[in-house]
Amino acid sequence: MKKSLLTGISLLFLCSQTLLFGQSVPKKALQAINPDAIKATMTYLSDDLLEGRQPGTRGFALASKYTETQFMALGLKPAINGNSYLQKVPLRKGVVREKESTLSLFVNGKEEVLDYNKHFIFSPNFINENSEIEAPLVFVGFGVHAPELNYDDYQNIDVKGKIVVMLNAAPESFGSNERAYFTNNTVKFNEAIKRGAIGAITFSVPTDKRSTWDATVRRSKQGSFKWLDENNIAKDGFPELKGIVILNNEYAEKLFSNSGKKAEEIYANAKANKAQSFPLNIIAKLKVKTAYQFVQGSNLVGVIEGSDPKLKDEYVVYAAHLDHFGIGAAVKNDSIYNGAHDNASGVSILLEIAHAYRALPKAPKRSIIIAVVTGEEYGLLGSDYFANNLPIKDAKMVANLAIDMPFFFHPILDIVPYGAQHSSLSKQVAQATKILNLKVSPDPFPEQVVFVRSDHFSFIKKGIPALFIKSGFMTVPEDSVDRSKSDVAWRSTIYHTPQDDMNQPFDFQAAATHVKVNFLIGYFTANENTAPTWNKGDFFGGKFGK
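Counting with mature numbering (1 follows the signal peptide of the UniProt record, and there is no 0), you get residues -21 to -1, 1 to 525 for the letters of the sequence shown.
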């Protein structure tokens, strides 16, 4: 309580000053932020009534309509042709027909049929409803080709016409965000396709705690989505890969049974960051059948027009995803995946950010986009569609801030601003945290590869500097809980389960802190004379910034 009081006094003192870091501090906007409004919106969006907000369902439609009315109440300008907030996002839903989909391994001519859900699952094939292949297996380590980081799993192997087998991670020797980038399956699959692979099998090292096998299976039964281009082709559908298999790592030894190597040896080499590849001397035969359904998805896009005639065509984009997993396999007798923290919280915080902007006596120089997007849980679909199909003619996006389950189970003393080290946005982070008396901490668990797992990454891929802010683990003296353990434990016990509902110890004052820090960073960015830039020599700036 003492720390919170000091933070409040510090904020009031700083806000009383006319200028800070060369810009005025927007006192009235900060004072307008209402923790109760965040709680109210979260309570509605995560209610059982909305049935988990899966795209294409009545629950998602209700959530979207409610959010649209909040855009109206806030006086946001409709971004779609000046008369609508609704950006249509055409989606294809794919669900594997499990009973008709099979995987067999042939070792020295002897067949072993693997069990669906126990040993493996398939990703839906979004290009071909009926796909079959029979081909040799080759192990390619992490499946990473990164010459800029002096690493290449493919240097001694030919994968043309073969099924690649790879670990679902990247070398620990990579920097936190570079590691996240090369863990991304889109990056891995495109590399395999470039080298002629016709299928892929992925599995995790035993220490990977991002998700349990049971949770992976539960999610798969709800299907997945891809967005469709103007030719009705699924984006990132990987047509060259006739089958994509997710293997239960408990049975990974089966893949190495005829290679002369043990799984333990493979894991040890991976831990030591050693590139590795070799034939597995096994032939795999797979058949995957997928049921398709067209789903008319949608984003909501509102605008706060900038006040500077020259800069108002440049936009700072805030984004939060509205979707979650709908109704699925029951956990503890509950089958509604409410998604309170993931991500009713982000949408609620985003609306309050918009409220803060509307409380300004004068809009910032640049315009602000408030985007509530769909399909994040299925591969950042809505934000990727938005970034590739800008609804505003001649708009130039200069920065993005994504809000996605930012963690507010305790008072916030520090933040982890994913992405700040890559661009000049670090300046605005320093400004905002100084005002709010917050510390800045590094990524506490790089193995979680957070940097590629939310909507900001869709903007980074378009060369736009972006931030994704989580709270850190610092605590007030009277907090006896080790937040580095409790926050991580939340991911393995509550994350992506029906228990992510409002029956959790949320701290809505802390949620308001997330509003303040994201608002201030965007506000200062929108008022700078120059747009954000990538740092010289930055990995992501070099890869996407051109």
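C-beta atoms are modelled at their ideal positions from N, C-alpha and C, and glycine is treated no differently.
Item, Value
"Does the distance from the C-beta atom of Val494 to that of Ile12 stay below 8 Å?", "yes"
"Using the rule of at least 16 other Cβ atoms within 10 Å of the residue's Cβ for burial, across every protein chain shown, is Ala247 buried or exposed?", "exposed"
"State the beta-bridge partners of Asp363 as determined by DSSP.", "Paired residues: none, contrary to the question."
"Can you tell me which of Asp132, Pro69, Ser450, Asp373 puts its alpha carbon nearest to the alpha carbon of Lys253?", "Asp132"
"When the distance is taken between beta carbons, is Phe387 closer than 8 Å to Asp486?", "yes"
"What residues are listed by DSSP as bridge partners for Asp393?", "Lys418"
"Would you list the residues sitting across from Ile315 in a DSSP beta bridge?", "Ile306"
"Please identify the residue among Ile443, Thr195, Asn367, Pro185 whose C-alpha is closest to the C-alpha of Glu244.", "Pro185"
"Under a Cβ-count criterion, where at least 16 other Cβ atoms within 10 Å of its own Cβ denotes burial, should Pro103 be classed as buried or exposed?", "buried"
"Closest to Asn152 by C-alpha separation, out of Ala125, Ile136, Ile142, Lys141, would be which residue?", "A small fix is needed here, since residue 152 is Ser in this sequence, not Asn. Among Ala125, Ile136, Ile142, Lys141, the Cα nearest to that of Ser152 is on Ala125."
"Using the rule of at least 16 other Cβ atoms within 10 Å of the residue's Cβ for burial, across every protein chain shown, is Arg37 buried or exposed?", "exposed"
"Report yes or no: do the region 136 to 146 and the region 270 to 288 share at least 3 C-beta pairs separated by less than 8 Å?", "no"
"At the level of alpha carbons, what is the spacing between Ser199 and Ile414?", "44 Å"
"For the region 291 to 298 and the region 491 to 510, state whether three or more C-beta atom pairs, one from each stretch, are separated by less than 8 Å.", "yes"
"Measure the Cβ-Cβ separation of Asp434 and Leu359 and say whether it is below 8 Å.", "yes"
"So what's residue 532 in DSSP terms, helix, strand or just coil?", "The question about residue 532 has no answer, for the chain in this structure spans -21 to 525."
"Assign Ala378 to buried or exposed, taking buried as 16 or more other Cβ atoms, counted over all protein chains shown, within 10 Å of its Cβ.", "buried"
"Just checking my contact of Glu30 with Gly398 at CB under 8 Å: how many whole Å lie between their CB atoms?", "Not confirmed; about 33 Å, so no contact."
"Considering Phe438, what are the terminal residues of the alpha helix (DSSP H) in which it resides?", "435 to 439"
"Is it right to say Lys(-20) is buried, meaning 16 or more other beta carbons lie within 10 angstroms of its own, or is it exposed?", "Note that Lys(-20) scores a pLDDT of 40, beneath 50, so its modelled location is shaky and nothing firm can be said."
"Could you check what DSSP says for Val370 in three-state terms: helix, strand or coil?", "Looking at the sequence provided, one finds Pro at residue 370 rather than Val. Here Pro370 sits in coil by DSSP."
"Relative to the C-alpha of Val267, which candidate in Ser256, Asn60, Glu77, Thr20 has its C-alpha closest?", "Glu77"
"So, are the CB atoms of Ile17 and Ala491 less than 8 Å apart?", "yes"
"Taking just the CA atoms, how far does Arg462 sit from Phe50?", "35 Å"
"I'd like to confirm the pairing. Which residues does DSSP put opposite Arg71 in its beta bridges?", "Lys205, Phe273"
"Hey, which unbroken runs of the beta strand (DSSP E) at 3 residues or more fall wholly within the region 169 to 203?", "178 to 182"
"Identify whether Pro126 lies in helix, strand or coil by the three-state DSSP scheme.", "helix"
"Buried or exposed: where does Thr476 fall if 16 or more other Cβ atoms within 10 Å of its Cβ makes it buried?", "buried"
"Cα separation between residue 605 and Ser362?", "Coverage of the chain is limited to positions -21 through 525, which leaves residue 605 absent and any answer about it impossible."
"Is it true that the CB of Pro425 sits closer than 8 Å to the CB of Ser155?", "yes"
"Quick check: what's the CA-CA separation for Ser238 versus Lys205?", "36 Å"
"Which of the three DSSP states is assigned to Leu31 in this structure?", "In the sequence as presented, Leu is not what sits at residue 31; that position holds Gly. Three-state DSSP puts Gly31 in coil, outside helix and strand."
"Quick one: grab the DSSP three-state call for Leu499.", "helix"
"Using a Cβ distance threshold of 8 Å, determine whether the region 217 to 227 contacts the region 177 to 184, with at least three qualifying pairs required.", "yes"
"As a quick exercise: from Asn368, Val460, Leu339, pick the residue whose alpha carbon is nearest that of Ser3.", "Leu339"
"If you follow the alpha helix (DSSP H) that Pro41 is part of, which residue opens it and which one closes it?", "Position check: residue 41 holds Leu in this sequence, whereas Pro was assumed. 37 to 53 is the span of the alpha helix (DSSP H), which, as asked, contains Leu41."
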